[in-house]
Every structure is written in C-alpha cells, then in structure tokens.
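Enquirer: Can you keep this structure in mind? I'll have questions shortly.
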C-alpha cells in the first residue's frame, strides 16, 4: 500500500481543471471536489497535468561510463524533468547486445526506482555493424526489449539493415536508426555550410543524414517492417519522412529539444557544450523540424540525453565529445520552441512526449491517458514559472547542458511514478522506496 | 588589443594600426642595432602543438628584438604527447606568469578556447589554428602588398582598389581564410581559384568571387597572385587525381607566369613546393614577394606583440580571469 495522493485543480493536458486521486499505483478518480480521508493533498491549481513523460532516447552510461552518469543519477535527472520512463541506449561498456546486459540494465533501473528504465538492445554485436546481435534473446528476456538501435553508429551496411528490419517483425520490434553516412561524415565537426566554411571545421552535410533515411524508408517499405528515425535534424529529412508516410511506410521519427531550439551559429565561440551529433543545423532546419513536429510528420520529441564529464567538454572543439544532457530541460525547451510559438498545445505535448513514444517502444503502463483505472504516471508542470537555467536545475552527474545561462519558461513541480511522488514541489524525493 | 585571434573580427582601424606600427618596427630593423627595450621583463611563450619552424622563429625573432624573454614550448616534445590537456598546459603557463602566449594548434578554434576559457590571463596570439585562421600571415601579406605599391608612403593607407587572386587548397587553408577577411576589410577585391573539391561547400557568405580556371584569373591581370602550398596527402582523399594534373591545371608554371602582367606581384606564404604549385622562375623573379613576406613577418609580429603587451593591460582587479587564476593556485 502506498500513500494516497490527491492533486487538486490541475488542468488536464491543458484542458479543464480537475482533481486527480491516486491510489495503489493507479488513478482512482478524476473529477471535481474529490476528497479522501488520509490522502496527501497537493494544491495543483494553475499547474498542467501531463501523463508522465517518456523518453525514447536516453544515454545512462552504466555499465562502463559511470564517471558520466549512472542509472541512478540519470533516473534523478529524468524524474526532475518530469519523466516517468526512459529508454536506455545500448552504447555502454559492455554494449547492451545480449540478454544478460539488458537484464542488468533493467535491474539497475528497478533498484533506482525513480523511473521505468526500459533497455534498448544493440542491433549488431558490439554495435560494430557487422552481424546481428541476439535480438530474439533480448526480446524474450525479462527486459522484453522491443527497440533496437546501434545509436552513436549508423547501421550502414544496407544488407544488415534489411535483415534487422525483417528480423524484428517476429516480435513487433522496431529498428531505431542513427542516420549518418559514415564516409560522408569522416572527421565531421559541425553542420556543413557557411559557418563551417568560416570556422574551418570539417562539415557534416545534411544529405549524409537524408541519404540514409531515404534508403531506410525504402527498405522498411520493401520488407514491411517498422523503422524509427532517431534525432532527425534537417529540413530535407522532414520532407523524406513526409513522403514516406504518405506512401504508407511504417516509419516514425523523433526530434531532440536542442534541434528544435538551437542553431549552428552557437558554434562560433568554439564552446564545446554546443557540440552534438547530429550537429546543430541552420535556422531553416529548426523551422522545418518545428513544422514537422506540429503537423505530425515527426512523431515525438526525444532527448538524446548524453552526459559527459567536464574534461570531455573543457577542451578544444575538435577533441571534445559529442552530446548534451537534456532530460532536466526537455519540457521547458519544448514549451518555448513549440507551445509559446503556438505550434503545439499541451495535449499535443502529451502526445509527442508521452503517448506516442510509449507506443513506438511498445512500453505498457506508460503514455496512457489521465483517466480512471490508468497507471499513476503523472507530471505536473507550472507553465507560468520560469527563469535562467542553472547548474542547480541539473540533477544528473554531468553538467554539459547547452542551456546553462539561458532563460527558459516553466518548471516541473511534481512527478508521480508508479503511484509515488518522485518530485515534490520541484525537489527530488529521495525517500522513494525501491 | 587584448588578443589577436582572427581577422574576421578585426576592424579596419585595428588592422591599419597594426600595419602602421609594423612600419615603425620595420624602420628600426634597418638600424645596426635592431634590438628595442620595449618589452623588457615580459615573457612570451611560443606554444606550438604543430611543427612550424618558420612561424616559430619569426615570432621568436620578433619577441627578442623587443627584448622580451622567450620560452619555446614545443608540445610535440612535451607532456602533450602523453595526453596532457590544453587546459593543464595553459594553467602551467599561467603559473609561470606568461604575459603573452603565441599558439599554433592543429585544432580550429583552440586559440579562442585558450583565450576565453579562464585558464590564463595572458594575451593570446593565434599563430595558425587548424583550418581556421592565421591572422599574422594575412597581416604580413597585406603589409607586403601595401609596401610594394606605396613604398615609404604606406602609412595610413588601405588596399582599396587592389585585386588579389588566391590559388590553391582554399578548403584547408587558414592563410586563405585570414586573407579573405582582412583584405576585404581593407578594401581589396578577392578572387579564389581552386579545383571545386578544394573550395568549401558553401562560400556564399564570403566576400570573394570563386573560379576554377587559373588562366582566366591570370588574364584578369590581378595586382597580386597568391599561390598556396598544396599538401600532397590531399591526393589520397581524392581531392585531385595526381600532382601532375594539379600542377597542370592550377600550378603557376612558366607559361602562365609569362602571361602574367609585369605589375602583378607573386606571393606565397611558404614553404613552397617548387615545380608543383609554383615554378622556380616565378618564385625567384623580381615580382616574387616571397622573401619580403618573411622579412615583413617579423615586423608585423613585433607590432602585434607590442600592441598586445606594451599598451594598457587590464588590471588584475578588472581581469575576468582573476578568480580562476586564484583558484588555480
């Protein structure tokens, strides 16, 4: 038995205010004027209630890179950002390419207890792109893996990609592709264009992403399988996905918060906090991915939360690691990029940050509507708050956020996972029993 | 002047000031005793992560003729090759109280990172960073053009009306980038000539025309023709098929040199690949400025160091780096 919770007066997905009663890990009642003896009452008036956020693309770094993040510290970052479930990418050491490693990842997530940690399995052994990993064993394991990705590397060999797409049909899996032609991006440091020409940094051309997406949607169509495109970043990629969806290809796509907000001009100071893969693109690309997300071409927002220790960023650009932390800031960035611009409402935010990512990942118990009988996975967001994003806003082990010092709207006030409060009035609730 | 990191952000006034001070420095270099007491007690560190004997000795000569103490820190033979970070190297120099750091680095932007990171309070001079910029090279090139054209009457003049053609590996050239920005700031018209593989993919924002035909560029009779060194390893990455073909299409061979007007100066930042991008006749002709460029390099670098170190320096209280400096102790 967990404590009963009564959230009073929150606007459900931006709609009418209602009280939400949580009991035994489920939503027991939704309505007005609710009361329950012994329940902890939270005044949620003025807050927006969202289904707990689900991140389809998180790097938790454990096992192997615990100096950057652990499952526990990453879970803290996730809960702080309003997440109740994260999909953990397999580029750990060892790589999550066997049933043993994905089960370990799952167990670490359960021990942390702050969010559901759903492992993603590698497509190929060691993410080397040479031969398929034991995808079936990972799917059948206790972790029940449905999403497979070599993220960080592109499954470049077209035959391996075809086989992977075909193979995962056996258990309704999906291949999440990191679309990057490796030859066209050798040594690449930033988006290729006018800014890279000026800064003398090797370019990462947009078409190196688009050519892989074009190939993969054709492959997915040919074999009748599900394809998910990770961190889509260019205007041309949006056009390709739009075209593929019109043809009926079973493709879904994600965009990161940073590609919705930041542009390549930030590279000019050679501040490695802005180094990320795929790189920050042009303003035209930012506009295109926003429009793609608004019209449903892009299905979801995923963070690509990528923690790195200080020394991996406190160096010359070329030597710095790719990646940014994003869990703590994601909802606030989507708020400014999509809601304040009038391109998405809060129900849409619930769709792209909770409902649809859970569906793509086939994750039961998350991304459900806020309704009686549903699992109590909830986020309460104060859209009227805001302030300068600071180190104190970060709860993971690493601080490589591109938003430090930047004004962002909003504040995640409460997060509820499995019927328990993980974030209470903006503060992480470390008392959560495992 | 706090740092000299690039020519992209160098104003016309600042550029002309450096060139005019370099004229004063050049005058002193014609005396029997070339050494000036100006920077006595100051320490200049030449921090070279890449080998470049020419650039290093030019900076070394410049600093010594201003009576600064010079420390040569060749990162190849230092702990850098054992994996010491730029941060630790910089903090070591800070602890040794360097007043100026002249940095050559293989990574674009490393001098800016050094100057803005808070690791050191010294002034930073970019002596070439990756494929980004090489500002003192562009300044000495501009100085050389101005001197050839106006002689003793150079002071205060810009390069209005000059037509400069730069030929070669623009994509990988920090010399080309620094020249494009500086020469444009000084009023010159710039044409870039190269195989299309060696031009950045998008140069629409550059104040320069782009062409692929060297013969056309020569027929246009530019005031200066600047040949860039071609790196032979570029062949391996399919930028061009063979050195013979490169030389035939984009080399200043005797025939093309003969077609060049007498008034066109032939420039090269050195070291030259004779017989590849430039023929011996051109390199050794009176129209060649190659050795002037070397001489002028010392004067321009004296001017840069002088303006960095002899002028008003931020007091420790003002200095944004003070706190970090204290931390480092």
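Residue numbers (my numbering), protein chains in the order written: chain Z, 1 to 434; chain R, 1001 to 1329. Quick reminder that beta carbons are idealized off the backbone N, C-alpha and C, glycines included.
Could you check what DSSP says for residue 1243 (chain R) in three-state terms: helix, strand or coil?
Expert: Helix, per DSSP.
Enquirer: Show which residues of chain Z have a CB atom less than 7 Å away from the CB atom of residue 1174 (chain R).
Expert: Neighbours of residue 1174 (chain R) on chain Z, chain order: 200.
Enquirer: In whole angstroms, what separates the C-alpha of residue 1030 (chain R) from that of residue 1291 (chain R)?
Expert: Whole-angstrom Cα-Cα distance: 16 Å.
Enquirer: With 8 Å as the C-beta to C-beta threshold (strictly closer), list the residues of the stretch 1111-1125 of chain R near chain Z in chain order.
Expert: Of all residues in the stretch 1111-1125 of chain R, 1112, 1113, 1116, 1117 have a Cβ within less than 8 Å of some Cβ in chain Z.
Enquirer: Taking its Cβ as the centre, do 16 or more other Cβ atoms sit within 10 Å of residue 1268 (chain R), making it buried, or is it exposed?
Expert: Buried: at least 16 other Cβ atoms inside 10 Å.
Enquirer: Apart from the five residues on each side of it in sequence, which residues of its chain come closer than 6 Å, Cβ to Cβ, to residue 7 (chain Z)?
Expert: The residues are 20, 42, 44.
Enquirer: Does the beta-carbon of residue 1134 (chain R) have 16 or more other beta-carbons within 10 angstroms, so that it is buried, or is it exposed?
Expert: Burial call: buried.
Enquirer: Sorted by chain position, which residues of the same chain lie with C-beta nearer than 7 Å to residue 1020 (chain R)'s C-beta, five sequence neighbours on each side aside?
Expert: Same-chain partners within the cutoff: 1155, 1156.
Enquirer: Work out the CA separation of residue 234 (chain Z) and residue 289 (chain Z) for me, nearest whole Å.
Expert: Their backbone Cα atoms lie some 7 Å apart in a straight line.
Enquirer: Mind checking which residues open and close the beta strand (DSSP E) that includes residue 1093 (chain R)?
Expert: First-last for residue 1093 (chain R): 1086-1095, but that is the alpha helix (DSSP H), not the beta strand (DSSP E).
Enquirer: Compare the Cα-Cα distances from residue 172 (chain Z) to each of Z:401, Z:406, Z:363 and report the closest residue.
Expert: Nearest of Z:401, Z:406, Z:363 to residue 172 (chain Z), Cα basis: Z:363.
Enquirer: Which residue's Cα is closest to the Cα of residue 55 (chain Z): Z:214, Z:66, Z:74?
Expert: Closest by alpha carbon: Z:74.
Enquirer: At 8 Å on the CB atoms, spell out the chain Z contacts of residue 1310 (chain R), in chain order.
Expert: None at all; the shortest Cβ gap to chain Z is about 28 Å.
Enquirer: Helix, strand or coil: which one does DSSP assign to residue 421 (chain Z)?
Expert: Three-state result, residue 421 (chain Z): strand.
Enquirer: At a CB-CB cut-off below 9 Å, which residues of chain Z make contact with residue 1168 (chain R)?
Expert: In chain order: nothing, as chain Z lies at least about 15 Å away.
Enquirer: Please report the straight-line C-alpha distance between residue 284 (chain Z) and residue 232 (chain Z), rounded to a whole angstrom.
Expert: If you take the alpha carbons of residue 284 (chain Z) and residue 232 (chain Z), they lie about 14 Å apart.
Enquirer: Figure out for me which residue from R:1241, R:1225, R:1224 has the closest Cα to the Cα of residue 1232 (chain R).
Expert: Of the candidates R:1241, R:1225, R:1224, the one whose C-alpha sits nearest the C-alpha of residue 1232 (chain R) is R:1241.
Enquirer: Answer with buried or exposed for residue 1015 (chain R), where buried requires no fewer than 16 other C-beta atoms within 10 angstroms of its C-beta.
Expert: That one is buried.
Enquirer: By the 10 Å Cβ neighbour count, where 16 or more other Cβ atoms means buried, how is residue 1096 (chain R) classified, buried or exposed?
Expert: Residue 1096 (chain R) comes out exposed.
Enquirer: In its own chain, which residues sit with a C-beta less than 7 Å from the C-beta of residue 1208 (chain R), not counting the 5 before and 5 after it?
Expert: Excluding positions up to five away in sequence, the list reads 1180, 1190, 1191, 1192.
Enquirer: Rounded to whole angstroms, what's the CA-CA distance from residue 946 (chain R) to residue 1177 (chain R)? Just pull it up for me.
Expert: Limits of chain R in this structure are 1001 at one end and 1329 at the other, which puts residue 946 (chain R) out of reach.
Enquirer: Got a sec: is the Cβ-Cβ distance from residue 193 (chain Z) to anything in chain R below 8 Å?
Expert: Output row for residue 193 (chain Z): interface = yes.
Enquirer: Check the Cβ of residue 1177 (chain R) against every Cβ in chain C and list those closer than 8 Å, keeping chain order.
Expert: In summary, chain C is missing from the structure at hand, where the protein chains are Z and R.
Enquirer: Could you please tell me which residues of the stretch 319-333 of chain Z, in chain order, have their CB closer than 8 Å to any CB of chain R?
Expert: Within the stretch 319-333 of chain Z, the qualifying residues are 319.
Enquirer: So residue 225 (chain Z) and residue 169 (chain Z) are supposed to be a Cβ contact under 8 Å. How far apart are they, rounded?
Expert: About 5 Å separates the two Cβ atoms, so the contact holds.
Enquirer: Tell me the rounded alpha-carbon separation between residue 948 (chain R) and residue 1126 (chain R).
Expert: Outside the displayed span of chain R (1001 to 1329) sits residue 948 (chain R), for which this structure offers no information.
Enquirer: Can you tell me whether residue 1035 (chain R) is buried or exposed, with buried defined as 16 or more other CB within 10 angstroms of its CB?
Expert: Exposed, because fewer than 16 other Cβ atoms sit within 10 Å of the Cβ of residue 1035 (chain R).
Enquirer: Under 8 Å, Cβ to Cβ, is there at least one residue of chain Z near residue 1203 (chain R)?
Expert: With 8 Å as the cut-off, residue 1203 (chain R) counts as an interface residue toward chain Z.
Enquirer: Taking residue 1086 (chain R) as the query, report the chain Z residues whose CB atoms sit under 7 Å from its CB, ordered along the chain.
Expert: Chain Z residues near residue 1086 (chain R): 315, 316.
Enquirer: Along the chain, where does the alpha helix (DSSP H) that runs through residue 1184 (chain R) open and close?
Expert: Run containing residue 1184 (chain R): 1174-1185, per the alpha helix (DSSP H) assignment.
Enquirer: Under three-state DSSP, which class holds residue 337 (chain Z)?
Expert: In the structure shown, residue 337 (chain Z) sits in a helix (DSSP, three-state: H, G or I).
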